[in-house]
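Note sheet for the following structure.
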Amino acid sequence: MSKITTELLLERAVPRSTRLRKIETLNLSKLQLKTGDLDPRLFSRLRHLQKLDLSDNLLDKFPNSLTLPDLRVLNCNNNKLEDVTALKQFPLLEELTYENNVYLTLNDDYKVMFLLQNLRLLNGKDITKLANHVRRVNSRKLTSKVTAHWEKFFRDQLPEKHTAEQVKSIKKKFLKSVQTNVVYGPSSLSEFTRWRVKMIAEEFLAYSLGLELNSDTEPEEKTDENEEESTESPREAAEDVAQVGDFSSYISNVTVTPSKRKRNHSKSSPGNKRSKTQANTKEEASLNPRKSSHEDVSAEPLHFLQCHSKGNSREDFKTQLWSCVFEPVLDSGARKDPIVSSSRTVATCGGESVCLIDCETGTVLKKYKVATEEFFSVAWTTLTMVISDSRKKAHNILAAAGRRGIVKLIHVAADFCYGEIKAHKKPIATVCFSPTQETHLFTASYDKRIALWDIGIPDCDYNFKASQLLVLETASVPLRIALVPTCPEQYLLAGCEDGCFAWNIKLDKGQKSRPFEAIFQFPDEEGMTTSHRVDGLAFLNDDVVVSKSSKPGCIYLWSWSRSFDAKGKGSQRTMSAVILAELEWSTTDMSYLTLSTCPGRNTRFLANALPNPQGPLSPSEPPPPPLLSPQILKWPELRVNGEQPPEILVNNVVADPAFTYLVVLTSVNITAIWKKS
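Just so you know, we're using full-length UniProt numbering here: the sequence shown kicks off at 1 and counts up by one.
Take a look at the structure:
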């Protein structure tokens, strides 16, 4: 039996090669290879392999960690394969053949069509149209059926205050019931249907109850030698490839009138590669001539982009977009455009990608993709790095995190994702950097912890060392975090699933794991309460906090300094928020519709665009500086191929520091950019 060695790989390369990393085509057919012969450590060196022939061997499955990030064509004919789910680790695969594997069935064909979003040819046949049906129509129907099954039979079985044991029990019952009772399509595809139903049901529970997704079928992840893991090991995942220059879809003639709808899934679920090219792709909408008639609107729509599509599909109107933040301006001389007084570049995230967009031109400057990730949050910092000639230079670094609990660190100017921090075992809801300590990064996770990391400063070879400085224990899932502007090194505020909390984060206290120091109570129909979901939280200025909860139907403006008693002793104290003003909001059970502020610009703040907020209604204390009359931005009518896109939920709205641009993120993979008129 032939064993795979470096020499064998070099000899079987087409053409023959002297280095593994240069091999693009490899023929390993007719070698009597078994699964154990595929050494992941050896295959991980085939960084640029695009075509692989493994036909006429004895393989019964694929190892979960072959790490072939650029593989496009795979031939597995005449083997003994029993399962195809491990092929998920090759997300760029376009052509796949596995004929004459007697244990594989039509159900396996459907599985690979779902798992491999770029697959065009399967066993020599063009499956583009069928695969789109499997990924979209089939998934949509099954998701609807799974959701309906939960709502009808299981939702009322779970108490509002439930224990982990109760959740575990109902999860087991629900998964068994839904796989038995949800049917769709022909009986010949029943195995595939059960497989997808289980997957959808687990995702639904992860979203709805904050459970960790089953990772049994996920490939292993390769760890870079220069990266330091936290004490929490992550779920296994495929090798991540940071890609720049993916062309996204155009939107043409698209009215998007935001309307309230209930989401089936909310966010409460939960070796990198240098890019050699940079794409300047312009993806924008042509607007319907009918414009908004609202007289008070001071901004006009500029671009509508669809740049987070899964597999770059123009038909993707399902990817949720979650977070955006404007790039900080570097010191004078670093930017070549003297007209730009404040940054017009914004980082956006959603689905498997992070995009950098020029708001003025609508150009997607860079795009980073991680095929196994769903990004929820991004944040910028500026690090002074030593470059090759020992000079120091400031560079902007972007941190991106999401479902896998891993923080990606991207050196934007170099088009390079240089490292990662395995921060949490569960999804990360949000991240933010300290305004005073540029290497200090806070990560808030569904594991009910907020961690403070020192990400270090990479050297000229991108070696770096990250360390965990603090762990803040929360009573419920943290959704939004904000450092107190007057003392960002001492206090952190967090909006959580079950209230608003504050921690002392001063590093000289010695205690690494800390409980919350205060919980704030707010008025409700029955008096004062601490128990409500706070999914919107930001500082309007150095003292005024803006917070939003879906239940009370209002936005509170309250004073940090008058609410928090810094002189009090002990932890976990209850403090009443000193309300300065209330702004009417919709009473809704929809969560994760965020608000953001633009401090220093006449204390404006932006909330998501669904409800119609009315100005200060019932101030109980002297109000802060006057608020502008509320203005509602009406969307132009948008059409895609002559049809209106699905109804839209606005997930996030952010303004640049100069209040020149508004960036709006939606639930249907549309990024809207407005410019102050």
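In this text, a Cβ means the ideal position worked out from N, Cα and C, and glycines have one as well.
| Asked | Found |
| --- | --- |
| Count the CB pairs spanning the stretch 161 to 169 and the stretch 180 to 198 that are closer than 8 Å, and state whether there are at least three. | no |
| Work out the CA separation of N181 and D498 for me, nearest whole Å. | 34 Å |
| Rounded to whole angstroms, how far is the Cβ of E438 from the Cβ of L383, which I believe are closer than 8 Å? | 6 Å |
| Out of K34, L49, M113 and P63, state which residue places its alpha-carbon closest to the alpha-carbon of residue 683. | With the chain represented from 1 up to 677, any question about residue 683 goes unanswered, as that position is not in the structure. |
| Note down, in chain order, each residue of its chain lying with its Cβ closer than 6 Å to the Cβ of G333, except the 5 sequence neighbours on either side. | Its pLDDT being 39, under 50, G333 is placed unreliably by the model, and nothing is read from it. |
| Is the separation between the beta-carbon of K30 and that of D56 shorter than 8 Å? | yes |
| Rounded to whole angstroms, what is the Cα-Cα separation between G402 and L321? | 12 Å |
| With DSSP collapsed to three states, give me the class of Q306. | strand |
| In the DSSP assignment, the beta strand (DSSP E) including A518 goes from what residue to what residue? | A518 to D524 |
| Using a Cβ-Cβ cutoff of less than 8 Å, which residues in the same chain neighbour residue 685 once the five nearest sequence positions on both sides are dropped? | There is simply no residue 685 to check, as the chain begins at 1 and stops at 677 in what is shown. |
| On the DSSP bridge assignment, give the partners of C554 in chain order. | S549 and E584 |
| Name the one or two DSSP bridge partners that I421 has. | V407 |
| Roughly how many angstroms separate the alpha carbons of R309 and N669, rounded to a whole number? | According to the sequence provided, residue 309 is Ser. The question's Arg does not apply to it. The alpha-carbon atoms of S309 and N669 are separated by roughly 7 Å. |
| Q468 by DSSP, collapsed to three states: which one? | strand |
| Could you check which residue in H162, F539, E517 and I450 has the C-alpha nearest to that of P485? | F539 |
| Does Q75 pass the burial test, meaning 16 or more other C-beta atoms within 10 Å, or should it be called exposed? | The sequence as given places Asn at residue 75; Gln does not occur at that position. Buried, by the Cβ-count rule. |
| Under the rule that 16 or more other beta-carbon atoms within 10 Å means buried, what is G36, buried or exposed? | exposed |
| Could you please give the first and the last residue of the uninterrupted beta strand (DSSP E) stretch that includes D358? | S353 to D358 |
| Let me confirm a value: A672 is counted as buried when at least 16 other C-beta atoms fall within 10 Å, else exposed. Which label applies? | buried |
| Would you mind working out which of F659, E582, S476 and V545 sits nearest T163, comparing C-alpha positions? | S476 |
| Spell out the partners DSSP gives K392 in its beta bridges. | V386 |
| Please report the straight-line C-alpha distance between T147 and W560, rounded to a whole angstrom. | 41 Å |
| Can you name the start and end residues of the alpha helix (DSSP H) that S434 belongs to? | S434 -> no alpha helix (DSSP H), and no H or E assigned at all. |
| Where DSSP assigns a beta bridge to D454, which residues make up the other side? | H440 and S467 |
| Starting from E51, trace the alpha helix (DSSP H) both ways and give me its first and last residue. | A quick correction: the sequence has Lys, not Glu, at residue 51. Careful: K51 lies outside any alpha helix (DSSP H), inside the beta strand (DSSP E) at K51 to D53. |
| With 16 other CB atoms within 10 Å as the buried threshold, where does M528 fall? | exposed |
| I'd like to confirm the pairing. Which residues does DSSP put opposite I648 in its beta bridges? | I648 is not bridged to any residue. |
| Just the Cα atoms here: how many angstroms apart are Y661 and S323? | 15 Å |
| Along the chain, where does the alpha helix (DSSP H) containing V167 start, and where does it finish? | A164 to N181 |
| Is L469 closer than 8 Å to D514 when the C-beta atoms are compared? | The sequence shown places Arg at residue 514, rather than the Asp named in the question. No, the pair does not count as a contact, with Cβ atoms beyond the cut-off. |
| Could you have a look at L492 and say whether DSSP puts it in helix, strand or coil? | strand |
| Let's test the definition: count the other Cβ atoms within 10 Å of the Cβ of S230 and tell me whether it reaches 16, buried, or not, exposed. | Because S230 sits at a pLDDT of 34, beneath the cut-off of 50, its placement in the model cannot be relied upon, and the following sentence gives the value as read from the coordinates. Buried: at least 16 other Cβ atoms inside 10 Å. |
| Look up I200 in the DSSP assignment and say whether it is helix, strand or coil. | helix |
| With respect to the beta strand (DSSP E) encompassing V664, which residues constitute its N-terminal and C-terminal limits? | Y661 to T666 |
| F304 and L638 - do their beta-carbons sit closer together than 8 Å? | yes |
| If you check the beta carbons only, do N107 and K80 fall under 8 Å apart? | no |
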